[in-house]
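**Q**
There are 2 protein chains.
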Amino acid sequence: MDQPAHPDHACGHDRAGLVARAERLCRERGLLFTPLRQRTLEVIAGETRPLGAYDIAERLSLPGRRVAAVSVYRALDFLTENGLVHRLASRNAFVPCDHSHSGGESAVFLICRACGAVDETTSAEIERGLNRTLARAGFRPASRIVEIEGECGACQEREGAEG
Amino acid sequence: MDQPAHPDHACGHDRAGLVARAERLCRERGLLFTPLRQRTLEVIAGETRPLGAYDIAERLSLPGRRVAAVSVYRALDFLTENGLVHRLASRNAFVPCDHSHSGGESAVFLICRACGAVDETTSAEIERGLNRTLARAGFRPASRIVEIEGECGACQEREGAEG
DNA sequence: TACCGTCCCGTTACACTGTAACAGGCGGGG
DNA sequence: CCCCGCCTGTTACAGTGTAACGGGACGGTA
Numbered sequence: 019m020d021q022p023a024h025p026d027h028a029c030g031h032d033r034a035g036l037v038a039r040a041e042r043l044c045r046e047r048g049l050l051f052t053p054l055r056q057r058t059l060e061v062i063a064g065e066t067r068p069l070g071a072y073d074i075a076e077r078l079s080l081p082g083r084r085v086a087a088v089s090v091y092r093a094l095d096f097l098t099e100n101g102l103v104h105r106l107a108s109r110n111a112f113v114p115c116d117h118s119h120s121g122g123e124s125a126v127f128l129i130c131r132a133c134g135a136v137d138e139t140t141s142a143e144i145e146r147g148l149n150r151t152l153a154r155a156g157f158r159p160a161s162r163i164v165e166i167e168g169e170c171g172a173c174q175e176r177e178g179a180e181g
Numbered sequence: 019m020d021q022p023a024h025p026d027h028a029c030g031h032d033r034a035g036l037v038a039r040a041e042r043l044c045r046e047r048g049l050l051f052t053p054l055r056q057r058t059l060e061v062i063a064g065e066t067r068p069l070g071a072y073d074i075a076e077r078l079s080l081p082g083r084r085v086a087a088v089s090v091y092r093a094l095d096f097l098t099e100n101g102l103v104h105r106l107a108s109r110n111a112f113v114p115c116d117h118s119h120s121g122g123e124s125a126v127f128l129i130c131r132a133c134g135a136v137d138e139t140t141s142a143e144i145e146r147g148l149n150r151t152l153a154r155a156g157f158r159p160a161s162r163i164v165e166i167e168g169e170c171g172a173c174q175e176r177e178g179a180e181g
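Residue numbers (my numbering), protein chains in the order written: chain A, 19 to 181; chain B, 19 to 181.
#1: Would you identify the three-state DSSP class for B:Phe96, choosing helix, strand or coil?
#2: Going by C-alpha to C-alpha distance, which of A:Ala111, A:Ala142, A:Cys133 and A:Ala132 sits closest to A:Val126?
#3: Are any of the Cβ atoms in chain B nearer than 9 Å to that of A:Asp137?
#4: How is the alpha helix (DSSP H) around A:Gly178 delimited, first residue to last?
#5: Determine the closest residue to B:Leu106 out of B:Leu128, B:Glu180 and B:Cys133, with distance taken between C-alpha atoms.
#6: Between A:Glu99 and chain B, is any beta-carbon pair separated by less than 9 Å?
#7: State the DSSP-derived secondary structure class of B:Leu69, mapped to helix, strand or coil.
#8: Establish whether the CB of B:Glu180 and some CB of chain A are separated by less than 9 Å.
#9: Could you tell me if A:Glu145 is buried or exposed, where buried requires 16 or more neighbouring beta carbons within 10 angstroms of its beta carbon?
#10: From which residue to which residue does the beta strand (DSSP E) around A:Val113 run?
#11: Provide the residue span of the beta strand (DSSP E) that contains B:Arg131, from first to last.
#12: Counting C-beta neighbours from all protein chains within 10 Å, is the total for A:Leu69 16 or more, i.e. buried, or is it exposed?
#13: Anyone know if the C-beta pair for B:Cys115 and B:Cys170 falls short of 9 Å?
#14: What is the DSSP secondary structure of A:Gly35, counted as helix, strand or coil?
#15: Tell me which same chain residues have a C-beta within less than 6 Å of the C-beta of A:Ile163, skipping the five on either side of it?
#16: Would you say B:Arg67 lies against chain A (beta-carbon separation less than 9 Å)?
#17: Report yes if the C-beta distance between A:Ala155 and B:Thr66 is below 9 Å; otherwise report no.
#18: Hey, does A:Ala142 have any beta-carbon neighbour from chain B nearer than 9 Å?
#19: First and last residue of the alpha helix (DSSP H) that includes B:Val58?
#20: Give the residues from the region 106-121 of chain A that approach chain B closer than 7 Å (Cβ to any Cβ), ordered along the chain.
#21: Exposed or buried, which one is B:Val136 when buried takes at least 16 other CB atoms within 10 Å?
#22: A:Glu46: buried (16+ other C-beta within 10 angstroms of its C-beta) or exposed?
#23: What is the C-beta distance between B:Leu102 and B:Leu59, in whole angstroms, given that I count them as a contact (C-beta under 8 Å)?
#24: If the cut is a Cβ gap below 7 Å, which residues of chain B does A:Val126 touch?
#25: Ordered along the chain, which non-local residues of its own chain (more than five positions away) have a Cβ less than 8 Å from that of B:Asp20?
#26: When the Cα atoms are used, what is the spatial distance from A:Gly82 to B:Ala75?
#27: When you compare the CB positions of B:Ala93 and B:Arg55, do they come within less than 9 Å of one another, or not?
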């Protein structure tokens, strides 16, 4: 769990920690943490706001070396399948997985319309409610999407000060 | 106008009731329930499974008279803004609003991967959990998305019977 | 009547999202 | 060595969504 002295420069996420977790996870599961996958993960972790696949492709491309979106999609499939990034269905965009939900609880995303920041949290009560609702309906869940769009606290204050 | 005694033939939703609700709502709010909007709503209500905008456009088109997707999008914007249809973020598709959540509770969608059916329900417990989570984070919500993908009860039974 | 603004809708064009299919490279195992 | 599986690059294409412009219908106003 060694964190670097300076967690990240202007980045919203713990890039080094996420890469370290990915390397460990791939070693354990016998998967390949290829350069493309690593760079894709780094690009996502190096951004405060969710990125679209084409944004990622652009950031991965160099003057002579263009990365096609389809390659990014494959890397993203790998990263999401292994719990390293999340896909926001309401935005068609990707964010790193905070891993604050280690207990198998599904994630709740708070997406700010003003600044674009995404907060990933969990709630035992929401989880309980979902499980009861699913049981009542006899529905076997495969994936759960809980995304709230609105305004984060910081942007509410900023707006109040300005307006 | 006159609907047959049997509510709907092979349709999954109460088409006539939804149209009646739309007419009443538009009268109350001084909005126009134009033919395009009505036909769009009817197409959505006449289908068991969620439809994409281009599917709707295709169903609305006649041999000589083609409806462009952009027109459908505008009708869909109107219908969603007025609570007559819902958009499924995980599918980029639209379903009629059951209006079972009259109490202002946000909807929970159970989407079956096997048969494509969508069940719209609500849960006071989920609502409470969401509200607490939002309050704790100081987040002001504008829209809430709760979509569970999985297998509905009927398809589980069918699968078990087949093998 | 003419004029004006608004709303709705048709049209074109375009950008973004996502997948299918095929080919080449690379490494491991027979 | 060949075979096989995995990853990546490439092309092509289908689906999703919006911006911009123009015209028609309709109501209000002079």
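Note that the Cβ used here is the ideal one computed from N, Cα and C, for glycine as well.
Quick caveat: nothing in here was measured; it's all calculated off a predicted structure.
**A** Let me spell this out:
#1: As a first step, residue 96 of chain B is located in the second sequence; it is residue number 78 there, counting from the start. In the structure shown, B:Phe96 sits in a helix (DSSP, three-state: H, G or I).
#2: Against the first sequence, residue 126 of chain A aligns to sequence position 108. Nearest to A:Val126 by C-alpha distance, out of A:Ala111, A:Ala142, A:Cys133 and A:Ala132, is A:Ala142.
#3: Walking along the first sequence from the start, residue 137 of chain A turns up at place 119. At a cut-off of 9 Å between beta carbons, A:Asp137 contacts chain B.
#4: The residue given as residue 178 of chain A occupies position 160 in the first sequence. Taken as a continuous stretch (DSSP letters only), the alpha helix (DSSP H) holding A:Gly178 covers Gly171 to Glu180.
#5: Working through the second sequence from its first residue, we reach residue 106 of chain B at position 88. Comparing Cα-Cα distances from B:Leu106 to each of B:Leu128, B:Glu180 and B:Cys133, the minimum goes to B:Leu128.
#6: Numbered from its first residue, the first sequence carries residue 99 of chain A at position 81. A:Glu99 is outside the set of residues whose beta carbon lies under 9 Å from a beta carbon in chain B.
#7: Here the question's residue 69 of chain B lines up with position 51 in the second sequence. Strand.
#8: Counting from 1 along the second sequence, the entry for residue 180 of chain B is found at position 162. It does not; no Cβ of chain A falls within 9 Å.
#9: Within the first sequence, numbered from 1, the residue matching residue 145 of chain A stands at position 127. Per the 10 Å Cβ criterion, buried.
#10: Within the first sequence, numbered from 1, the residue matching residue 113 of chain A stands at position 95. For A:Val113, the uninterrupted beta strand (DSSP E) run begins and ends at Ala111 to Pro114, by DSSP.
#11: Translated into positions along the second sequence, residue 131 of chain B becomes position 113. Annotation for B:Arg131: no beta strand (DSSP E) segment contains it, and DSSP assigns it neither H nor E.
#12: Numbered from its first residue, the first sequence carries residue 69 of chain A at position 51. Under this definition A:Leu69 is a buried residue.
#13: Taking the first residue of the second sequence as position 1, residue 115 of chain B is located at position 97. Taking the first residue of the second sequence as position 1, residue 170 of chain B is located at position 152. At a Cβ-Cβ threshold of 9 Å, B:Cys115 and B:Cys170 do not count as neighbours.
#14: Here residue 35 of chain A corresponds to residue number 17 of the first sequence, with the count starting at 1. Helix, per DSSP.
#15: In the first sequence, residue 163 of chain A corresponds to position 145, counting from 1. Within the same chain, Ala107 come within 6 Å of A:Ile163 by CB-CB distance, once the 5 residues on both sides are set aside.
#16: Taking the first residue of the second sequence as 1, we reach residue 67 of chain B at position 49. No - not a single Cβ of chain A is within 9 Å of the one on B:Arg67.
#17: The residue given as residue 155 of chain A occupies position 137 in the first sequence. The residue given as residue 66 of chain B occupies position 48 in the second sequence. At the C-beta level, A:Ala155 and B:Thr66 stay beyond 9 Å of one another.
#18: Position 124 of the first sequence, counting from 1, holds the residue named residue 142 of chain A. Output row for A:Ala142: interface = yes.
#19: Residue mapping note: residue 58 of chain B aligns to position 40 of the second sequence, counting from 1. For the sequence presented, residue 58 of chain B should be read as Thr rather than Val. Residues Pro53 to Ala63.
#20: Listed in chain order, the positions of the region 106-121 of chain A with a beta carbon within less than 7 Å of a beta carbon of chain B are Ala107 and Ser108.
#21: Here residue 136 of chain B refers to the residue found at position 118 of the second sequence. Buried, because 16 or more other Cβ atoms sit within 10 Å of the Cβ of B:Val136.
#22: For the purposes of this step, residue 46 of chain A is identified with residue 28 of the first sequence, where counting begins at 1. By the neighbour-count criterion, in which 16 or more other beta carbons inside 10 Å mark a residue as buried, A:Glu46 falls on the exposed side.
#23: Position 84 of the second sequence, counted from the start, is the residue given in the question as residue 102 of chain B. Position 41 of the second sequence, counted from the start, is the residue given in the question as residue 59 of chain B. Their Cβ separation, rounded to whole angstroms, is 6 Å, which keeps B:Leu102 and B:Leu59 in contact under 8 Å.
#24: For the purposes of this step, residue 126 of chain A is identified with residue 108 of the first sequence, where counting begins at 1. Residues of chain B passing the Cβ test: Thr151.
#25: Within the second sequence, numbered from 1, the residue matching residue 20 of chain B stands at position 2. Because B:Asp20 sits at a pLDDT of 36, beneath the cut-off of 50, its placement in the model cannot be relied upon, and the following sentence gives the value as read from the coordinates. If we look at B:Asp20 and ignore the five residues flanking it on each side, it has no Cβ neighbours.
#26: In the first sequence, residue 82 of chain A corresponds to position 64, counting from 1. In the second sequence, residue 75 of chain B corresponds to position 57, counting from 1. Rounded to whole angstroms, A:Gly82 and B:Ala75 show a C-alpha spacing of 42 Å.
#27: If you number the second sequence from 1, residue 93 of chain B lands on position 75. If you number the second sequence from 1, residue 55 of chain B lands on position 37. A contact, by the Cβ cut-off of 9 Å.
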